[in-house]
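Chains as they are written, first to last, in the working numbering: chain D, 112 to 354; chain F, 112 to 354. Just so it is clear, CB atoms sit at the ideal spot from N, CA and C, and this is done for glycine as well. Keep in mind that this is a model prediction, so the values were computed, not measured. Here the structure is laid out as structure tokens; the discussion comes afterwards.
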DNA sequence: CATATAAAGTTATCAGACAACCTTACAAGG
DNA sequence: CCTTGTAAGGTTGTCTGATAACTTTATATG
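See the structure below:
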């Protein structure tokens, strides 16, 4: 399919989404103050020139994002600042250096804790998954796609081994973001050269988990993350609590 | 349409949200495979015993959360694993003891890290917010609603002080869940008696943040969390990394 | 003055229709 | 055999109008 570029035909995308975006902008930029009541659905429908269904769907979307709250028989209100708690994270620019740094900063304590908990709670199935990921890592000729997948699998297996469902949820989300950013940054070239080192670090973590030593597992994970960070030219504060 | 049919969904709270939750569960638990097509809106409406509008809103919600994708004229599909980008967490049973424990377990490393980072990066505005929360905490006669709000505000201010947008996002989300669970558990009676102790713990954290000592801030937060956990009859493993 | 009741306004839900879009099948023509 | 046109059917997107549920406010009633 190598044809002329007809993609220019901007098919108007999802009406409710566009309207939700517009109303959301009004709120975020303060033209609709926090706590203030939005116009009624009827009025919004008329001003936007669409049906009430579309407006309703738009409002539902905003409510889902935590930007508005609706009360039947009363109206829709812009959510107060303090209560805006949506865990929705926009797919921002993957090359955003600061966002990347912040994500990594968040990841570190979670992964370290996960390593410690995994060392205590891991089952034999967990250990099998860890070894499987390590094998795939070793099998990968270079640090290509497969290596990245294996890396994700390793950390996911570790998070699962905590026996705490929230760890795979959170760390998986973060790790995926990070690895995506790395991929788009084309840092692969750099990584290819140090596969052996990376694998060695993972093996240390695995051994600690196997032997059931949480302190050692945490230490191994900490050093893995800091070294990986330095390979990515990240500068991070890391604290080690004495005694 | 005259007869009662109690097999259908009870109308206690927002219908679309509940249906979205149910369909979402079907997807997350694999009963609807990734990439598979969902039943048509008409069919879903009939099986749930609601109108198509409600089903549409439910699907819109799921689409918002990145769990389904819709294509006009074709259908709605469960999104492939790789493309799922949002963190979806069920509003589970607040009294679920295990979920509560797991949430707390996740919270600990995050809050500790946040305390350390806050000690390094806090601005004067951050410190003002911390003190404001502390004042409200002190002002509260008993550990009532107001005290809980102040507690949340304190931890939110601390997370904001990290200058890392992800910390308030994640910790705020978790903390709110936890406090909700506590409220519903009617543990207020217990808490009322130890307000002074709780406030004192917060003051120690604040002082460490003010003096810019990350290690001390972490230590203070750690002890606050572990003691709060013991007041809630939670047993947690905590690891302190030696040197 | 307190309480009950009515009225009006708003969101929630329902029902049915048409529009826009996609897929498929099949016929027509090369 | 292959390509193209056409029709049909199914699905989501949008519209319209109505009813139910809920809240607030005003009014009447004792």
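Residue 182(D): first and last residue of the uninterrupted beta strand (DSSP E) it sits in = For this step, residue 182(D) is matched to residue 71 along the first chain. It spans 179–182 - the beta strand (DSSP E) in which residue 182(D) sits, taken as one unbroken run.
Euclidean distance between Cα positions of residue 258(D) and residue 249(D) = For this step, residue 258(D) is matched to residue 147 along the first chain. For this step, residue 249(D) is matched to residue 138 along the first chain. If you take the alpha carbons of residue 258(D) and residue 249(D), they lie about 8 Å apart.
request  = With a cut-off of 8 Å on the beta carbons, I'd call residue 227(F) and residue 329(F) a contact; round off their distance for me.
outcome  = Walking along the second chain from the start, residue 227(F) turns up at place 116. Walking along the second chain from the start, residue 329(F) turns up at place 218. The beta-carbon separation of residue 227(F) and residue 329(F), rounded to 4 Å, stays under the 8 Å limit for a contact.
message = If I follow the unbroken beta strand (DSSP E) through residue 188(D), where does it start and stop?
response = The residue labelled residue 188(D) in the question sits at position 77 within the first chain. Where residue 188(D) is concerned, the enclosing beta strand (DSSP E) stretches over 186–189.
key: Segments assigned alpha helix (DSSP H), at least 4 residues, entirely inside the stretch 124–156 of chain F   = The stretch 124–156 of chain F contains these whole alpha helix (DSSP H) runs: 126–139.
inquiry  = Which residue wins for smallest C-alpha separation from residue 215(F), given the options 336(F), 170(F), 152(F)?
reply    = By 1-based counting over the second chain, the position of residue 215(F) is 104. Among 336(F), 170(F), 152(F), the Cα nearest to that of residue 215(F) belongs to 336(F).
ask   = Of the residues that make up the stretch 158–178 of chain F, which ones have a beta carbon closer than 8 Å to any beta carbon in chain D?
value = Within the stretch 158–178 of chain F, the residues whose Cβ lies closer than 8 Å to some Cβ of chain D are 164, 167, 168, 171, 172, 175, 176, listed in chain order.
key: Reference residue 131(F); option with closest CA among 344(F), 269(F), 159(F)   = Within the second chain, numbered from 1, the residue matching residue 131(F) stands at position 20. Ranking the options by Cα distance to residue 131(F), first place goes to 159(F).
message = Here's the rule I'm using: 16 or more other beta-carbon atoms within 10 Å means buried, otherwise exposed. How should residue 141(F) be labelled?
response = Taking the second chain and counting its residues from 1, one reaches residue 141(F) at position 30. With fewer than 16 other CB atoms across the displayed protein chains lying within 10 angstroms of its CB, residue 141(F) is exposed.
message = Can you look up residue 118(F) in the DSSP assignment and give me helix, strand or coil?
response = For the purposes of this step, residue 118(F) is taken as the residue at position 7 of the second chain. In this predicted model, residue 118(F) has a pLDDT of only 34, less than 50, meaning its place in the structure is not dependable enough to derive any value.
key: Exposed unless 16 or more other CB atoms sit within 10 angstroms - verdict on residue 154(D)   = Here residue 154(D) corresponds to residue number 43 of the first chain, with the count starting at 1. Classification of residue 154(D): exposed, given that the 10 Å Cβ count is below 16.
request  = Using only alpha-carbon positions, find the residue among 265(D), 167(D), 275(D), 236(D) that is nearest to residue 213(F).
outcome  = Residue 213(F) sits at position 102 when you count from the first residue of the second chain. For the options 265(D), 167(D), 275(D), 236(D), the alpha carbon positioned closest to that of residue 213(F) is the one of 275(D).
ask   = So which residues on chain F does residue 216(D) lean against when the C-beta distance must stay under 9 Å?
value = In the first chain, the residue the question calls residue 216(D) occupies position 105. Going along chain F in sequence order, the residues near residue 216(D) (Cβ under 9 Å) are 224, 228, 273, 275, 277, 278.
inquiry  = Quick check: does the Cβ of residue 346(D) come within less than 6 Å of any heavy atom belonging to the ligand GDP?
reply    = Absence of the ligand GDP is noted for the structure shown, with no ligands found whatsoever.
query = Comparing the C-beta of residue 129(D) with each C-beta of chain F, is any distance below 7 Å?
reply = Here residue 129(D) is taken as the residue at index 18 of the first chain, counted from 1. Taking CB atoms only, residue 129(D) has no neighbour in chain F less than 7 Å away.
request  = Below 8 Å between beta carbons is the criterion; list the residues of the stretch 312–343 of chain D that meet it against any residue of chain F, in chain order.
outcome  = Residues passing the 8 Å Cβ filter: 325, 326, 329, 330, 333.
query = Would residue 211(F) count as contacting chain D if we go by Cβ distances under 7 Å?
reply = The sequence position of residue 211(F) within the second chain is 100, counting from 1. Taking Cβ atoms only, chain D never reaches closer than 7 Å to residue 211(F), which makes this a no.
CB contact check: residue 265(D) to chain F, cutoff 7 Å = As a first step, residue 265(D) must be located in the first chain, where it is residue number 154. By this cut-off, residue 265(D) is not an interface position.
inquiry  = Measuring only the C-alpha atoms, how far is residue 191(D) from residue 282(F)?
reply    = Stepping through the first chain from its first residue, residue 191(D) is reached at position 80. Stepping through the second chain from its first residue, residue 282(F) is reached at position 171. Near 18 Å, if we compare the C-alpha coordinates of residue 282(F) and residue 191(D).
ask   = Is residue 261(F) closer than 7 Å to residue 247(F) when the C-beta atoms are compared?
value = Numbered from 1 along the second chain, position 136 holds the residue referred to as residue 247(F). Numbered from 1 along the second chain, position 150 holds the residue referred to as residue 261(F). Yes.
task = Report the residue from 136(F), 156(F), 168(F), 180(F) whose alpha carbon sits nearest the alpha carbon of residue 148(F).
result = Translated into positions along the second chain, residue 148(F) becomes position 37. The shortest C-alpha separation from residue 148(F) is found at 180(F).
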